[in-house]
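Residue numbers (our numbering): 39 to 732.
From the three backbone atoms N, C-alpha and C, an ideal C-beta is built for every residue, glycine too.
Just so you know, these numbers come straight off a predicted model, no measurement behind them.
Laid out in structure tokens, this is it:
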């Protein structure tokens, strides 16, 4: 029997597709890329038209030897790496490694690892797409030139271990610029007036806001102005001038792209972009499902498209009609893609079958796999459902020359909201407003008038969700690069996280200012976006990749030479704390070491005292009354323990709070979230526990 060797990247993917292929097929995995530029040198021959020097990645020798043995036995080789630039590059390296012909039809691709998708790919074998390979190669070379040329300069002038990157430097700049906006923000005062109206002989009141004059909205800027208006209002009658009723619809969200999945997983599941992509890759490559075997649960996870295949849409519509009713089925909507271009081969991220309900496979998934799969499943089903419908009402109330306005809405039909509501970056409280039965011309009475002082707020710091959203909107990098970019700027110490918000460090601000002064193009948003567009042109076969690299490198080389001469050595002052060194009495400073930040005495080498930085929780140990501090396990998981360890062994995985137990007075801790949130006493023999519904 003829033997066909199929090569993929991961063992999980190999295990999944082996199920769908007959006895004449053998599947082997490369464990990712097999070739890359060397770590110890630039690896690009600038004089020879920027020719890259690829070497076998350390540790991949035995894997390639194993695959080589199977190649010799095979009659045909098929390369089934992921359907994107990275996957195409891996296939290209494999073809060269095993001396396959340049025009040989050896490439298959599928966007979901299901039996039909794999079988269909075998009927559509194609040549390796060199344009895709060139686009990936150009990106890799550009990133190498920037990183390996600027980073040594930062090491020399500032501190060892620093790095610069084509995307990471722009991402850091965005965070630094936002912080400067916040610091330079000057709040502006403004006021609002709220009235509570009721009908005669009724105790029910409703809220309305001061609008201004009948045809002109008025901004209330100070208390004196507000007081004058209130004195005027107290002498007026309040008449219902206009009632406008209507309906509005809230359209269902589009199915997930790579970027929107990262954003929503951050908002709803508190996952980092890196964690989201790792778990999504597992779901795509295949999970061992009870009674089904190894199966790919979702479509390919790197996509800019919101397109859904006809078959998947029809299957979902049948499911919705059966489970919820015909009225819940939505209309087909036009797909969207990056720069309004759809790569038709790519779909949005969706379940490989809508009938594989999250709860039906829950026992086969880890906790995080289940959470992400459920999010993807619900989003996909909701995207194919009809809009939510609201009944709306707007009421204008005349008070002399002024107008109050009240508006509200009531949900009339749930539509897609029956199973899914999109997350938001801003906390909003949506509530239905109920109005009494009133008519135009009717007189109303004021229960109370409230005047409220406000101040405008500065722009918010970035979260992972809003940073990913901003990078995508600006066109910086690609969705697949967001996770490693965020990990890099955190690990380099350019930014840090305070709860869920990014804050630039002194180091991040210093490096960004230096980059803005000497490497303007590298951290310029428009320049970076333009470079991304050029990489897309390489993929489309419209421009040669060598030209893009040349146009970038030679001006960059001159800038590098100038910066090398002009930049002097920069000293970063250590951040002083109010913690006193118990050995010599000096204020300790924050130092950066191999394992992160720590406290050190500035009197080194006379005083060598160091200690870890303790993150206080504000709670006290129920055993010994020591402070409870935040700690990290060897695997990086956060837990909470007593500061008197090892004398006191108290620890908990749940976050302690400063709130006191109403029974015994010890601190309480929180467990779970949302509807499942519980508050309980940290003292073991105390019975206090309470559900906190949000």
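If I follow the unbroken alpha helix (DSSP H) through residue 680, where does it start and stop? Counting along the chain, residue 680 falls outside any alpha helix (DSSP H), though it belongs to the beta strand (DSSP E) covering 676-680.
Answer yes or no: do residue 453 and residue 426 have a C-beta to C-beta separation smaller than 8 Å? Yes; because the gap between Cβ atoms is below 8 Å, this pair is in contact.
At what residues does the beta strand (DSSP E) containing residue 506 begin and finish? Run containing residue 506: none in the beta strand (DSSP E); it sits in the alpha helix (DSSP H), 502-512.
Tell me the residue span of the beta strand (DSSP E) that contains residue 654. Start and end: 653-658.
Does the distance from the C-beta atom of residue 206 to that of residue 123 stay below 8 Å? Residue 123 sits away from residue 206, with the two beta carbons spaced by 8 Å or more.
How close, in whole Å, do the beta carbons of residue 648 and residue 678 come, if the pair is a contact with beta carbons under 8 Å? Not really, about 23 Å apart at Cβ, beyond 8 Å.
According to DSSP, is residue 542 helix, strand or coil? In the three-state DSSP reduction, residue 542 falls in the strand class (E or B).
Cross-strand partners of residue 74 (DSSP beta bridge): Note: residue 74 sits in a beta bridge opposite 93.
Give the straight-line distance between the Cα atoms of residue 263 and residue 437, rounded to the nearest whole angstrom. Annotation: residue 263 to residue 437 spans about 17 Å, alpha carbon to alpha carbon.
Can you look up residue 205 in the DSSP assignment and give me helix, strand or coil? Of the three classes helix, strand and coil, the one that applies to residue 205 here is coil, per DSSP.
Counting only the same chain and skipping the five closest in sequence on each side, list residues whose C-beta sits under 6 Å from that of residue 433. Once the five neighbours on either side are set aside, the close Cβ partners of residue 433 are 281, 444.
On the premise that residue 715 lies in contact with residue 727, defined as a C-beta separation below 8 Å, what is that separation, rounded to the nearest angstrom? Between residue 715 and residue 727 the Cβ distance is about 12 Å, and since that is not below 8 Å, they are no contact.
Reduced DSSP secondary structure (H/G/I, E/B, other) of residue 149: Residue 149 falls in the coil class under three-state DSSP.
Thinking C-beta only, is residue 582 closer than 8 Å to residue 338? When the beta-carbon positions are compared, residue 338 and residue 582 stay at least 8 Å from each other.
What residue range is occupied by the uninterrupted alpha helix (DSSP H) comprising residue 741? What the structure shows of the chain is the stretch from 39 to 732, and residue 741 is not part of that stretch, so it cannot be assessed.
Taking only the alpha-carbon atoms, compute the straight-line gap between residue 257 and residue 229 and give it to the nearest angstrom. If you take the alpha carbons of residue 257 and residue 229, they lie about 8 Å apart.
Going by C-alpha distance, which of 494, 462, 548, 496 is nearest residue 503? For the residues 494, 462, 548, 496, the minimum Cα distance to residue 503 belongs to 462.
Confirm, please, whether the CB-CB distance from residue 324 to residue 151 is below 8 Å. The answer is yes: Cβ separation under 8 Å.
Within 8 Å, strictly: CB atoms of residue 387 and residue 295: Residue 387 is a Cβ neighbour of residue 295, given a cutoff of 8 Å.
Residue 371 versus residue 365: straight-line alpha-carbon distance, rounded: A direct Cα-Cα distance of roughly 17 Å separates residue 371 from residue 365.
Quick check: the Cα distance between residue 638 and residue 146, rounded to an integer number of angstroms? The straight-line gap from Cα to Cα measures roughly 57 Å.
With a threshold of 8 Å, are at least 3 pairs of Cβ atoms found where one atom belongs to the segment 531-539 and the other to the segment 243-262? Of all C-beta pairs linking the segment 531-539 to the segment 243-262, fewer than three are shorter than 8 Å, placing the two stretches out of contact.
Can you tell me whether residue 642 is buried or exposed? The criterion is at least 16 other CB atoms within 10 Å of its CB, across all chains shown. The residue is exposed, with fewer than 16 neighbouring Cβ atoms inside 10 Å.
Who are the near neighbours of residue 591 in its chain, counting only those whose CB is closer than 8 Å to its CB and skipping five residues on each side? Result list for residue 591: 84, 88, 183, in chain order.
Once the 5 residues before and after residue 616 are set aside, which same chain residues still bring their CB inside 7 Å of it? Excluding residues within five positions, the ones whose Cβ falls inside 7 Å are 625.
Measure the C-alpha to C-alpha separation of residue 400 and residue 408 and round it to an integer number of angstroms. One C-alpha to the other measures close to 6 Å.
Which same chain residues, not among the five before or five after residue 671, have their C-beta less than 7 Å away from its C-beta? Hits under 7 Å: 677.
What is the DSSP secondary structure of residue 661, counted as helix, strand or coil? It is coil, neither helix nor strand.
Tell me the rounded alpha-carbon separation between residue 177 and residue 398. Distance between residue 177 and residue 398, taken at the CA atoms: about 42 Å.
If you draw a straight line from the alpha carbon of residue 544 to that of residue 189, how long is it in whole angstroms? Approximately 18 Å between the Cα atoms of the pair.
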